[in-house]
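Novice: Got a structure here, written out as C-alpha cells. Questions coming.
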Amino acid sequence: MSKKKILFYYKLFFAGGTEHSILKLIKKLYKDFDIYVAYDEEGSVDIVLKEISQYSKIIDLNEIDKISVDTCIWCSYSSIGSFGEFSKKVMAKHYMFWCHILLFETYPNIEFTQEFRDNIEKFICVSNIVKKDIIKKYPDIENKCEIIENYLDYEEILEKSKESTEIEINHNKLNLISVSRLHPSKRFWENENIM
Numbered sequence: 746m747s748k749k750k751i752l753f754y755y756k757l758f759f760a761g762g763t764e765h766s767i768l769k770l771i772k773k774l775y776k777d778f779d780i781y782v783a784y785d786e787e788g789s790v791d792i793v794l795k796e797i798s799q800y801s802k803i804i805d806l807n808e809i810d811k812i813s814v815d816t817c818i819w820c821s822y823s824s825i826g827s828f829g830e831f832s833k834k835v836m837a838k839h840y841m842f843w844c845h846i847l848l849f850e851t852y853p854n855i856e857f858t859q860e861f862r863d864n865i866e867k868f869i870c871v872s873n874i875v876k877k878d879i880i881k882k883y884p885d886i887e888n889k890c891e892i893i894e895n896y897l898d899y900e901e902i903l904e905k906s907k908e909s910t911e912i913e914i915n916h917n918k919l920n921l922i923s924v925s926r927l928h929p930s931k932r933f934w935e936n937e938n939i940m
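Going by the numbering used here, the first residue of the sequence shown is number 746, and it counts up by one from there.
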C-alpha cells in the first residue's frame, strides 16, 4: 500500500521558527508518509532546505505545473494569496492552515478571503493565544480552529543541552533562554525584569 502524501507549503524559507517546526514535524512523519515541502518565493535559504531535503522532497512551485497530494498544510502567512489559483497547482483532498504566530496582531492588514476560509478544513493553532487572535478577526471559523502545540523532540533537546557553549552563566541569577527571535510579538518586554 502506498503512503499518503503530505505537502507543507511555506512561501519563503529562511532560518525562522516556522521552518524549524516544519523540520521537526517531518522528521517525525517521514517514515510513515511521503513528505513534500514547497515554496514559491526566490531567496529561500538553501541551508534550511538542505536539512529538510533529508526527510522530504523539496518543490519550487514556480517550476511545476501541478502536484496532487492527500493533505496540504499551508504554513505561510506572509501573504494569503488566491486559494483558487493555489489549489490549481497544489491539488489536495484536505487543506489545513498551520499558524505559529499572533498573525493578526503582528500583521493586521492580512486577510483570510472567504474562499480561503471556506476551503481550509482546519486552522491549526500552536497555542490558545494564537487561536484567540484568529477568532477575534474571524469568529465564523472558530469551529475549524484546533490547538496542536509544536512537536518537540525531547531526546534531541536533551542531547543538545550537553553541548558546550562559550556563554558564561551567572548561577546566582535567574537565566532565561529563548530559541525564538527577539520580536515584540514574543512579549519578552512585558516583564521589565527580563530585559
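C-beta atoms are modelled at their ideal positions from N, C-alpha and C, and glycine is treated no differently.
Run through DSSP, which three-state label would Y840 get?
Specialist: Position 95 of the sequence shown, counted from the start, is the residue given in the question as residue 840. In this structure, Y840 counts as strand in the three-state DSSP scheme.
Novice: Let's see if you can read the secondary structure: which residues bound the beta strand (DSSP E) around I792?
Specialist: Taking the sequence shown and counting its residues from 1, the one referred to as residue 792 is at position 47. Premise fails: I792 lies in the alpha helix (DSSP H), 791-797, not in any beta strand (DSSP E).
Novice: Going along the chain, which residues of its own chain have a beta-carbon closer than 8 Å to the beta-carbon of A837, five neighbours each way excluded?
Specialist: The residue labelled residue 837 in the question sits at position 92 within the sequence shown. Closer than 8 Å at the Cβ level, and outside the excluded window around A837, lie L752, S813, V814, D815, T816, C817.
Novice: Label H839 either buried or exposed according to how many other C-beta atoms from any shown protein chain fall within 10 Å of its C-beta, with 16 as the threshold for buried.
Specialist: Residue mapping note: residue 839 aligns to position 94 of the sequence shown, counting from 1. Exposed is the call here.
Novice: So, is F868 buried or exposed, given that buried needs 16 or more other C-beta atoms within 10 angstroms?
Specialist: Residue mapping note: residue 868 aligns to position 123 of the sequence shown, counting from 1. Under this definition F868 is a buried residue.
Novice: Per the DSSP calculation, Y784 is bridged to which residue(s)?
Specialist: Position 39 of the sequence shown, counted from the start, is the residue given in the question as residue 784. Note: Y784 sits in a beta bridge opposite D805.
Novice: Could you tell me whether the Cβ atoms of K756 and E786 are closer together than 8 Å?
Specialist: Counted from its first residue, the sequence shown places residue 756 at position 11. Counted from its first residue, the sequence shown places residue 786 at position 41. For K756 and E786, yes; Cβs fall inside 8 Å.
Novice: Does the beta carbon of K907 come closer than 8 Å to any beta carbon on chain C?
Specialist: The question asks about chain C, but that chain is absent: this structure has only one protein chain.
Novice: Applying the 10 Å Cβ sphere with the 16-neighbour rule, what's the burial state of S906?
Specialist: Within the sequence shown, residue 906 is the residue found at index 161, counting from 1. It counts as exposed.
Novice: Where does S747 land, buried or exposed, given buried means 16+ other C-beta within 10 angstroms?
Specialist: Sequence index remark: in the sequence shown, residue 747 carries index 2 (1-based). Exposed, by the Cβ-count rule.
Novice: Which same chain residues, not among the five before or five after D863, have their C-beta less than 6 Å away from its C-beta?
Specialist: By one-based count along the sequence shown, residue 863 stands at place 118. None.
Novice: Which of the three DSSP states is assigned to D779 in this structure?
Specialist: Indexing the sequence shown from 1 puts residue 779 at position 34. Three-state DSSP puts D779 in a strand.
Novice: Okay, do the segment 885-898 and the segment 763-771 touch, 3+ Cβ pairs below 8 Å being the bar?
Specialist: With the cut-off at 8 Å, the segment 885-898 and the segment 763-771 touch.
Novice: Can you tell me where the beta strand (DSSP E) holding L903 begins and where it ends?
Specialist: As a first step, residue 903 must be located in the sequence shown, where it is residue number 158. Per DSSP, L903 belongs to no beta strand (DSSP E); it is in the alpha helix (DSSP H), 899-906.
Novice: Taking one C-beta from the segment 789-805 and one from the segment 872-892 each time, how about it: are there three or more such pairs within less than 8 Å?
Specialist: No, because fewer than three Cβ pairs between the segment 789-805 and the segment 872-892 fall closer than 8 Å, the two stretches do not touch.
Novice: Excluding sequence positions up to five away, which residues of its chain have a Cβ less than 7 Å from the Cβ of T763?
Specialist: Numbered from 1 along the sequence shown, position 18 holds the residue referred to as residue 763. Only Y755, C820, H845 meet the Cβ criterion.
Novice: Have a look at D777, I855, Y800, V782 and flag the residue whose alpha-carbon is nearest the alpha-carbon of L806.
Specialist: Here residue 806 is taken as the residue at index 61 of the sequence shown, counted from 1. It is V782.
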